[in-house]
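Peer 1: Below is one structure. I have some questions about it.
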Amino acid sequence: MLKKPLKTLALMGAALTLASGVASQAVASDWKPSRAVEFIAPANPGGGWDTLVRTTSNVIRTENLADQNFAAINVPGGGGAVAWAQIARDNRNDHKLFATSPPIILVPLAGTSRFNHTHFTPVARLITDYSIVLVPQNSPYQSINDLFAAIGENPRISVGGGSAAGSMDHISIAGAAAAAGLNAASVNYIAFSGGGEAMTNLLGGHVDAVITGAGEAMAQLQGGELRALGVSAPERIPGLDVPTYKEQGLDYTFDIWRGVMAPKDISEDALRYYEDLFARMMETDDWKAATERLGWLDAYQNSEEFGAFLDLQLEQFRSVLGELGLLRN
5 MLKKPLKTLA LMGAALTLAS GVASQAVASD WKPSRAVEFI APANPGGGWD TLVRTTSNVI
65 RTENLADQNF AAINVPGGGG AVAWAQIARD NRNDHKLFAT SPPIILVPLA GTSRFNHTHF
125 TPVARLITDY SIVLVPQNSP YQSINDLFAA IGENPRISVG GGSAAGSMDH ISIAGAAAAA
185 GLNAASVNYI AFSGGGEAMT NLLGGHVDAV ITGAGEAMAQ LQGGELRALG VSAPERIPGL
245 DVPTYKEQGL DYTFDIWRGV MAPKDISEDA LRYYEDLFAR MMETDDWKAA TERLGWLDAY
305 QNSEEFGAFL DLQLEQFRSV LGELGLLRN
């Protein structure tokens, strides 16, 4: 069954989140950027990577944490693969960073990118978010169980997501479907190049539901056009009145970690600078206000800790994709 490895993965991620925190302090460096730092979101605007890049860039600027600007740049395509290929070619650039999350492992395993986390340098893990399932206000589905019951009767019902097939959003909804007793591989998942595009297609009636990060769904939910059926958190997220899967009888959670990586051969001094910068950023009032607004949980890991975590995630996700029949590498 798919449910067991995915459940194990979620619990392991949650445990590491609780155990890490910002207590792991980075070592400061005398190196500083000499020009603007390219901070890449490997997707279109509106998704989780984009939200992380723009939020961190804004906090760094408003808190005067760096002399140079951190310029948000969107490089969409291939569930992250287009951006990763560009970054890999620029492997010694000390002035380039990118947002990362589970697709850096999942997309290469699914065979749609030849670059994985080992081709880059982990800088810091920052936060954990959770998956949320959204439908239009006029949708007939009132709960996550309503949606899965309908999918069981009509497999053509579509669920859109902002990551590639076999990647984060797909794995998250497939695991929830398995917990509901469905064949996870039969979920009609439609991949878009970012959470923003997925929600645009939901509002346009091109998909029946969308799975995305809870943080990036806040604005749409407040606007009243969309309604949430469930969230993959172990308990309700403060400020987001949405029942968890567990409340609705599904023994399943899924956490979405997000962090920052750099090119493979970044200098050691630059790495230490960025590591320390993000650790200091997470102690600021602006950051704390942003995470509360977005429903994020702080989950800081320094470069070494983050690298070990990524290696562990690789083995866990390999098992999950194998059960879905999507493992290619």
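Here the sequence shown is numbered in our numbering, starting from 5 and rising by one per residue. Yeah, the Cβ is synthetic: ideal placement off N, Cα and C, and Gly gets one too. All values reported here derive from a predicted model rather than from experimental measurement.
By the 10 Å Cβ neighbour count, where 16 or more other Cβ atoms means buried, how is D173 classified, buried or exposed?
Peer 2: Buried, because 16 or more other Cβ atoms sit within 10 Å of the Cβ of D173.
Peer 1: Which residue comes first and which comes last in the alpha helix (DSSP H) that contains S61?
Peer 2: S61 -> alpha helix (DSSP H) spans 52-66.
Peer 1: DSSP has V41 in a bridge; who is on the other side?
Peer 2: DSSP lists F74 as partners of V41.
Peer 1: At what residue ranges does the segment 75-109 contain a whole run of the beta strand (DSSP E), taking only runs of 3 or more?
Peer 2: If we require 3 residues or more, the beta strand (DSSP E) runs fully inside the segment 75-109 come out as 100-104.
Peer 1: For V324, does the count of other Cβ atoms within 10 angstroms reach 16, so buried, or fall short, so exposed?
Peer 2: Answer is buried; the Cβ neighbour count reaches 16.
Peer 1: May I ask you to report which of helix, strand or coil DSSP gives M172?
Peer 2: Residue state, collapsed to three classes: helix.
Peer 1: If you draw a straight line from the alpha carbon of T216 to that of R96, how long is it in whole angstroms?
Peer 2: Each residue's alpha carbon lies about 33 Å from the other.
Peer 1: Inspect the CB distances between the segment 147-155 and the segment 176-188 and report whether three or more fall short of 8 Å.
Peer 2: Yes: the two stretches touch, three or more of their Cβ pairs being nearer than 8 Å.
Peer 1: Helix, strand or coil: how does DSSP classify D315 here?
Peer 2: Of the three classes helix, strand and coil, the one that applies to D315 here is helix, per DSSP.
Peer 1: Taking Cβ to Cβ, would you say S105 is nearer than 7 Å to I260?
Peer 2: Their beta carbons are under 7 Å apart, which means S105 touches I260 by this criterion.
Peer 1: Taking only the alpha-carbon atoms, compute the straight-line gap between N333 and S117 and give it to the nearest angstrom.
Peer 2: Going from the Cα of N333 to the Cα of S117 covers about 10 Å.
Peer 1: Just to confirm, are S334 and G83 a CB contact at a threshold of 7 Å?
Peer 2: Outside the displayed span of the chain (5 to 333) sits residue 334, for which this structure offers no information.
Peer 1: In this structure, how does DSSP classify G199 when only helix, strand and coil are distinguished?
Peer 2: Three-state result, G199: helix.
Peer 1: Which residues bound the beta strand (DSSP E) around A213?
Peer 2: Taken as a continuous stretch (DSSP letters only), the beta strand (DSSP E) holding A213 covers 213-217.
Peer 1: Can you tell me the Cα-Cα spacing of A27 and E327, whole angstroms?
Peer 2: Below a pLDDT of 50, predicted positions are generally treated as unreliable, and A27, at 44, falls in that range; the measurement from the model is reported next regardless. Spanning the two alpha carbons is a distance of roughly 36 Å.
Peer 1: If you follow the beta strand (DSSP E) that R129 is in, where does it begin and where does it stop?
Peer 2: Run containing R129: 124-140, per the beta strand (DSSP E) assignment.
Peer 1: Pick helix, strand or coil for N192, following the three-state DSSP scheme.
Peer 2: In the structure shown, N192 sits in a strand (DSSP, three-state: E or B).
Peer 1: Leaving out five residues before and five after I177 in sequence, what residues of the same chain have Cβ atoms less than 8 Å from its Cβ?
Peer 2: Excluding sequence neighbours, I177 sits near S135, V137, V163, G165, V191, Y193, I215.
Peer 1: With burial defined as no fewer than 16 other Cβ atoms inside 10 Å of the residue's Cβ, what is the status of P242: buried or exposed?
Peer 2: When all chains shown are included, P242 counts as exposed.
Peer 1: Does the segment 71-82 come close enough to the segment 219-228 to have 3 or more Cβ pairs within less than 8 Å?
Peer 2: Short answer: they don't touch.
Peer 1: Just mark V211 as buried or exposed, buried being the case when its beta carbon has 16 or more other beta carbons within 10 Å.
Peer 2: Flag for V211 reads buried.
Peer 1: Report the residue ranges of all beta strand (DSSP E) runs contained in full by the segment 261-311; include only those spanning at least 3 residues, in chain order.
Peer 2: Counting only runs of 3 or more, we get 301-305.
Peer 1: Could you give the DSSP three-state label for L331: helix, strand or coil?
Peer 2: Looking at L331 - three-state DSSP - the assignment turns out to be coil, as it is neither helix nor strand.
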